[in-house]
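Undergrad:
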Amino acid sequence: MSIRFSFGGDEHIFGEVSEDMSLESFFTSLSMTNAVRDARIRGVTEICPANASFQVKFDPDRIRPADLMRELQSMESAASKSDASLQTRIIEIPVLYNDPWTHETLMRFRERHQDPTKTDLEYAADVNGLGTVENFIEAHSSQPWFVSMVGFVAGLPFLYQMVERDKQLQVPKYLRPRTDTPKLTVGHGGCFSCIYSVRGAGGYQMFGVTPMPIYDPAQKVSYLQDEMCLFRPGDIVKWKPVTRDQYDAAIEAVDANRFEPVIRPASFSLSDYNKDMAGTKARLMEALNGR
Amino acid sequence: MAVKIITPGLSTTVQDLGRPGYYHLGIPLSGGMDRFALRAANMLVGNDEGAAVLEAVFMGPELEFTAPATVAITGANLPPKLNGEELATWEAFPVKAGDRLSFGFLKSGARAYIAVSGGIDVPVTLGSRSTYTLGALGGHEGRALKAGDELQTGQGAGGKGSIPENLRRQPGNPAELRMLPGLYWHRITADAGKQFFADTWKVAPEADRIGYRFRGGTALDFVPREQPFGAGSNPSNIVDACYPYGSIQVPGGTEPIVLHRDAVSGGGYMMLGCVISADMDLIGQLQPHSPARFTEVSMDQALAARHDAEAALSRLRAHLGR
Chain E
0 MSIRFSFGGD EHIFGEVSED MSLESFFTSL SMTNAVRDAR IRGVTEICPA NASFQVKFDP
60 DRIRPADLMR ELQSMESAAS KSDASLQTRI IEIPVLYNDP WTHETLMRFR ERHQDPTKTD
120 LEYAADVNGL GTVENFIEAH SSQPWFVSMV GFVAGLPFLY QMVERDKQLQ VPKYLRPRTD
180 TPKLTVGHGG CFSCIYSVRG AGGYQMFGVT PMPIYDPAQK VSYLQDEMCL FRPGDIVKWK
240 PVTRDQYDAA IEAVDANRFE PVIRPASFSL SDYNKDMAGT KARLMEALNG R
Chain A
0 MAVKIITPGL STTVQDLGRP GYYHLGIPLS GGMDRFALRA ANMLVGNDEG AAVLEAVFMG
60 PELEFTAPAT VAITGANLPP KLNGEELATW EAFPVKAGDR LSFGFLKSGA RAYIAVSGGI
120 DVPVTLGSRS TYTLGALGGH EGRALKAGDE LQTGQGAGGK GSIPENLRRQ PGNPAELRML
180 PGLYWHRITA DAGKQFFADT WKVAPEADRI GYRFRGGTAL DFVPREQPFG AGSNPSNIVD
240 ACYPYGSIQV PGGTEPIVLH RDAVSGGGYM MLGCVISADM DLIGQLQPHS PARFTEVSMD
300 QALAARHDAE AALSRLRAHL GR
């Protein structure tokens, strides 16, 4: 695997680890960005890992673009050989699938959708050959997901499903992006799920909403007082389908600032995962459920 | 001293030189879209160049001052009126307690910078006073100003002087936006690349602090490929990646969008390259429907342009004795 480097104007270097998505590419991106951070290169101002690529922003008044390019290229072989393992967290996210708010929103934007006669969930079930919305929700929520990027808007996680590639859920993005998406919508586009941290434009299919805040610029939510964004690349997520009553109870707890998210420490090794996917996931679920 | 917002204009926000360091979380730089004009406004009123000012787009606010101060308006030609009497832009003027500042109709440009001696003193969030409205972060309560808001200002000695036209920087007609091809440029055909530079584009109505959309040019032809796993089915789709500031994405291959100070930090559309840092300010002064062309430059030319932009700032400082 060889990283394709490109300048992004006179202030960015962009590195594409691979055109397609894989956890191998994510880990190479993460070790490259960790190496750049540790090297404390003069003039580097932002270091952003992404799913299968990364970006470094720099001040060309302080370091010559060609010099930084050479320095990044020299880190490549070490990064691709580094041990792909993490001390991380597994986080349970309650989801009210098929909720009234995303339903109301998606009905307003049917003309931008591939199949205006179906809801986003019906369409996703259909294109993945799963027959029913219930089957799709089961496929979406039964397996853990890996946070392979944070961004788009503040604190939004991109999530990659931890199953064999041929079992991964894939759904095209809307034909034209919507101008509105409810806050905390659970969406999906390409092979990635996401949680919209703020209300706004979006092109991912909408499946449900979580009551659990993931971004708090006021830093008042009990678990977002130190960091206003919950997610970091490498976090692992397990969706938990909830009923409307459970959703309402969670919202009440959030409003009273007594909502306690389920977040447990976990470790992850890519080579263990590749050797024994089922066993690795079982251990992650044990870490989450304390058994 | 305070500034009372009598009417807010179309979208007036508190901005400084921005909030670097959080792009990896999806929190963009923010700050004035026309940083040159923002710095100039601050210089005129005797502030640090990076003090917080008001950025007004297309339509000015009406403000009332509670104490004497120095004020200057730069950027767009949005004619200021003090108690109804028209004043010049790019020139410092004194205000007294109870004075009202309003604005006439926009004559050219898009964004005016209103600097007040002492700077706008909203709380510093993640190192900056800039407003990031999409994330409800910074500025005054994380949002554009509303009637009835009251903003405190810092202590400032004030300043004086004016900036003649030859020291200002404004986009031409059509605006020339220099860009360095790269990123996913290889995804389009050579002919499509030539046509992209040959076309004259027009700023679309969807043009804001996040990005400027352009239309009226030719749709791109892509080099055929089997779409990589996870990218999505449209040829303009990529596996969601980081978006540089100034990057030119083309969803569906039809309408280029240049990301600006409140950029979304990443997403799944291919990018043709970036508008160079020296020309980002110009975009902030483009009105919807105004024509623009993209011009190809090399890295050396981009760095020379950056050097020229810095030299223009130095001339400004020298002119104002700073």
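Going down the list, the protein sequences come from chains E and A.
Just so it is clear: in the first sequence, position 283 is 282 by numbering that gives the first Met the number 0, and no numbers are missing.
Just so it is clear: in the second sequence, position 256 is 255 by numbering that gives the first Met the number 0, and no numbers are missing.
In this text, a Cβ means the ideal position worked out from N, Cα and C, and glycines have one as well.
Predicted model, so just to flag it, every value in this text is computed and none were measured.
1. Let's see if you can read the secondary structure: which residues bound the beta strand (DSSP E) around Tyr-211 (chain A)?
2. Could you tell me how far apart the beta carbons of Gly-186 (chain E) and Met-211 (chain E) are, in whole angstroms, since I believe they sit closer than 8 Å?
3. List, in chain order, every chain A residue whose beta-carbon is nearer than 7 Å to that of Pro-216 (chain E).
4. Mind reading off the beta-carbon distance from Phe-267 (chain E) to Thr-87 (chain E)? Whole number of angstroms is fine, and I expect it under 8 Å.
5. Just how far apart, CA to CA, sit His-318 (chain A) and Glu-48 (chain A)?
6. Rounded to a whole number of angstroms, what is the C-alpha to C-alpha distance between Leu-71 (chain E) and Leu-158 (chain E)?
7. Within the continuous alpha helix (DSSP H) that includes Thr-279 (chain E), where are the two ends?
8. To which residues does DSSP link Trp-89 (chain A) through a beta bridge?
9. For the region 3 to 12 of chain E and the region 180 to 190 of chain A, state whether three or more C-beta atom pairs, one from each stretch, are separated by less than 8 Å.
10. Would you kindly check if the distance between the Cβ of Gly-30 (chain A) and the Cβ of Arg-260 (chain A) is under 8 Å?
11. At the level of alpha carbons, what is the spacing between Asp-247 (chain E) and Leu-53 (chain A)?
12. Going straight from the alpha carbon of Leu-271 (chain A) to that of Thr-69 (chain A), what length do you get?
13. DSSP state of Ile-90 (chain E), grouped into three classes?
14. Do Lys-56 (chain E) and Pro-143 (chain E) count as a contact pair if the criterion is CB distance below 8 Å?
15. I need the straight-line Cα distance from Gly-42 (chain E) to Ala-138 (chain E), nearest angstrom please.
16. Report the residue from E:Asp-82, E:Arg-61, E:Asp-58 and E:Asp-60 whose alpha carbon sits nearest the alpha carbon of Met-31 (chain E).
17. Return the CA-CA distance between Thr-104 (chain E) and Ser-73 (chain E), expressed in angstroms with no decimal places.
18. Using a Cβ cut-off of 8 Å (strictly closer), state whether Tyr-244 (chain A) contacts chain E.
19. If you draw a straight line from the C-alpha of Gly-153 (chain A) to the C-alpha of Gly-283 (chain A), how long is it?
20. Could you work out which residues of chain E lie near Ser-264 (chain A), taking near to mean beta carbons separated by less than 8 Å?
21. With burial defined as no fewer than 16 other Cβ atoms inside 10 Å of the residue's Cβ, what is the status of Arg-208 (chain A): buried or exposed?
22. Output yes or no for whether 8 Å exceeds the beta carbon distance between Glu-10 (chain E) and Pro-59 (chain E).
23. Of all the alpha helix (DSSP H) runs that stay within the bounds of the region 175 to 256 of chain A, which reach a length of 4 or more residues?
24. Touch check for the region 235 to 249 of chain E and the region 215 to 226 of chain E: three-plus C-beta pairs under 8 Å?
25. Under 8 Å, Cβ to Cβ, is there at least one residue of chain A near Gln-142 (chain E)?
26. Would you say Glu-140 (chain A) and Ala-1 (chain A) are within 8 Å of each other, going by their C-beta atoms?
27. Are the region 104 to 114 of chain A and the region 122 to 136 of chain A touching, with three or more C-beta to C-beta distances below 8 Å?
28. Apply the 10 Å Cβ neighbour rule to Pro-99 (chain E) and answer buried if 16 or more other Cβ atoms are within range, or exposed otherwise.
29. Where do the ends of the beta strand (DSSP E) carrying Thr-11 (chain A) lie?
30. Name the chain A residues that come within less than 8 Å of Val-197 (chain E), Cβ to Cβ?
31. Taking Cβ-Cβ distances shorter than 7 Å, what residues in chain E pair up with Met-298 (chain A)?
32. Do the region 20 to 27 of chain A and the region 64 to 79 of chain A make contact, defined as three or more Cβ pairs closer than 8 Å?
33. For chain E, check one thing: does any of its Cβ atoms lie closer than 8 Å to the Cβ of Arg-34 (chain A)?
34. Between Lys-145 (chain A) and Ile-4 (chain A), how many whole angstroms is the CB-CB distance? I'm expecting something under 8 Å.
35. According to DSSP, is Arg-257 (chain E) part of a helix, a strand, or is it coil?
36. List the whole-angstrom C-beta distance separating Leu-22 (chain E) from Ile-40 (chain E), where the pair is believed to meet the contact cut-off of C-beta under 8 Å.
TA: This is what the structure gives:
1. Here residue 211 (chain A) refers to the residue found at position 212 of the second sequence. Unbroken beta strand (DSSP E) run through Tyr-211 (chain A): 210 to 214.
2. Here the question's residue 186 (chain E) lines up with position 187 in the first sequence. Here the question's residue 211 (chain E) lines up with position 212 in the first sequence. With a contact defined as Cβ atoms closer than 8 Å, Gly-186 (chain E) and Met-211 (chain E) miss out at about 15 Å.
3. On the first sequence, residue 216 (chain E) is found 217 positions in, with the first residue counted as 1. Chain A residues near Pro-216 (chain E): Gly-134, Ala-135, Leu-136 and Gly-141.
4. As a position in the first sequence, residue 267 (chain E) is number 268, starting the count at 1. As a position in the first sequence, residue 87 (chain E) is number 88, starting the count at 1. Yes, they are in contact, since the Cβ atoms of Phe-267 (chain E) and Thr-87 (chain E) sit about 6 Å apart, within 8 Å.
5. Indexing the second sequence from 1 puts residue 318 (chain A) at position 319. Indexing the second sequence from 1 puts residue 48 (chain A) at position 49. Just so you know, the alpha carbons of His-318 (chain A) and Glu-48 (chain A) end up roughly 15 Å apart.
6. Translated into positions along the first sequence, residue 71 (chain E) becomes position 72. Translated into positions along the first sequence, residue 158 (chain E) becomes position 159. Taking the straight line joining both Cα atoms gives about 27 Å.
7. Residue mapping note: residue 279 (chain E) aligns to position 280 of the first sequence, counting from 1. Counting along the chain, the alpha helix (DSSP H) containing Thr-279 (chain E) begins and ends at 276 to 288.
8. Against the second sequence, residue 89 (chain A) aligns to sequence position 90. DSSP lists no partner for Trp-89 (chain A).
9. yes
10. Here the question's residue 260 (chain A) lines up with position 261 in the second sequence. Here the question's residue 30 (chain A) lines up with position 31 in the second sequence. Yes.
11. Residue mapping note: residue 247 (chain E) aligns to position 248 of the first sequence, counting from 1. Residue mapping note: residue 53 (chain A) aligns to position 54 of the second sequence, counting from 1. When rounded, the distance between both Cα atoms is 40 Å.
12. What you label residue 271 (chain A) is simply residue 272 of the second sequence in a count that begins at 1. What you label residue 69 (chain A) is simply residue 70 of the second sequence in a count that begins at 1. Answer to the nearest angstrom: the Cα atoms are 44 Å apart.
13. Taking the first sequence and counting its residues from 1, one reaches residue 90 (chain E) at position 91. It is a strand residue.
14. Within the first sequence, the letter at position 144 stands for residue 143 (chain E). Within the first sequence, the letter at position 57 stands for residue 56 (chain E). With a cutoff of 8 Å on beta-carbon distance, Pro-143 (chain E) and Lys-56 (chain E) are scored as not near each other.
15. One-based indexing of the first sequence puts residue 42 (chain E) at position 43. One-based indexing of the first sequence puts residue 138 (chain E) at position 139. When rounded, the distance between both Cα atoms is 46 Å.
16. In the first sequence, counting from the first residue as 1, residue 31 (chain E) sits at position 32. Cα-wise, what sits closest to Met-31 (chain E) is E:Asp-82.
17. One-based indexing of the first sequence puts residue 104 (chain E) at position 105. One-based indexing of the first sequence puts residue 73 (chain E) at position 74. Rounded to the nearest whole angstrom, the C-alpha separation of Thr-104 (chain E) and Ser-73 (chain E) is 48 Å.
18. As a first step, residue 244 (chain A) is located in the second sequence; it is residue number 245 there, counting from the start. Tyr-244 (chain A) counts as touching chain E.
19. Along the second sequence, one-based indexing puts residue 153 (chain A) at 154. Along the second sequence, one-based indexing puts residue 283 (chain A) at 284. The alpha-carbon atoms of Gly-153 (chain A) and Gly-283 (chain A) are separated by roughly 27 Å.
20. The count along the second sequence starts at 1 and reaches residue 264 (chain A) at position 265. Simply Cys-47, Gly-150, Phe-151 and Val-152.
21. Residue 208 (chain A) sits at position 209 when you count from the first residue of the second sequence. Counting Cβ neighbours within 10 Å, Arg-208 (chain A) comes out buried, since at least 16 surround it.
22. The residue you call residue 10 (chain E) lines up with position 11 of the first sequence. The residue you call residue 59 (chain E) lines up with position 60 of the first sequence. In this structure, Pro-59 (chain E) lies closer than 8 Å to Glu-10 (chain E) by Cβ.
23. With a minimum length of 4 residues, the continuous alpha helix (DSSP H) runs that stay inside the region 175 to 256 of chain A are 189 to 197.
24. no
25. In the first sequence, the residue the question calls residue 142 (chain E) occupies position 143. Output row for Gln-142 (chain E): interface = no.
26. Working through the second sequence from its first residue, we reach residue 140 (chain A) at position 141. Working through the second sequence from its first residue, we reach residue 1 (chain A) at position 2. No, Cβ-Cβ distance for Glu-140 (chain A) and Ala-1 (chain A) is not below 8 Å.
27. no
28. Counting from 1 along the first sequence, the entry for residue 99 (chain E) is found at position 100. Flag for Pro-99 (chain E) reads exposed.
29. As a working note, residue 11 (chain A) is residue 12 in the second sequence. Start and end: 11 to 14.
30. Position 198 of the first sequence holds residue 197 (chain E). Those within 8 Å of Val-197 (chain E) in chain A are Leu-133, Gly-134 and Ala-135.
31. Looking up residue 298 (chain A) in the second sequence gives position 299. What Met-298 (chain A) touches in chain E: Phe-6, Asp-9 and Pro-64.
32. Not touching, per the Cβ criterion.
33. Counting from 1 along the second sequence, the entry for residue 34 (chain A) is found at position 35. Contacts with chain E at 8 Å (Cβ-Cβ) do not include Arg-34 (chain A).
34. Taking the second sequence and counting its residues from 1, the one referred to as residue 145 (chain A) is at position 146. Taking the second sequence and counting its residues from 1, the one referred to as residue 4 (chain A) is at position 5. Indeed they touch by this definition, with Cβ atoms about 7 Å apart.
35. Counting from 1 along the first sequence, the entry for residue 257 (chain E) is found at position 258. Three-state result, Arg-257 (chain E): coil.
36. Residue numbering aside, residue 22 (chain E) sits at position 23 when the first sequence is read from its first letter. Residue numbering aside, residue 40 (chain E) sits at position 41 when the first sequence is read from its first letter. About 27 Å separates the Cβ atoms of Leu-22 (chain E) and Ile-40 (chain E), ruling out a contact at the 8 Å cut-off.
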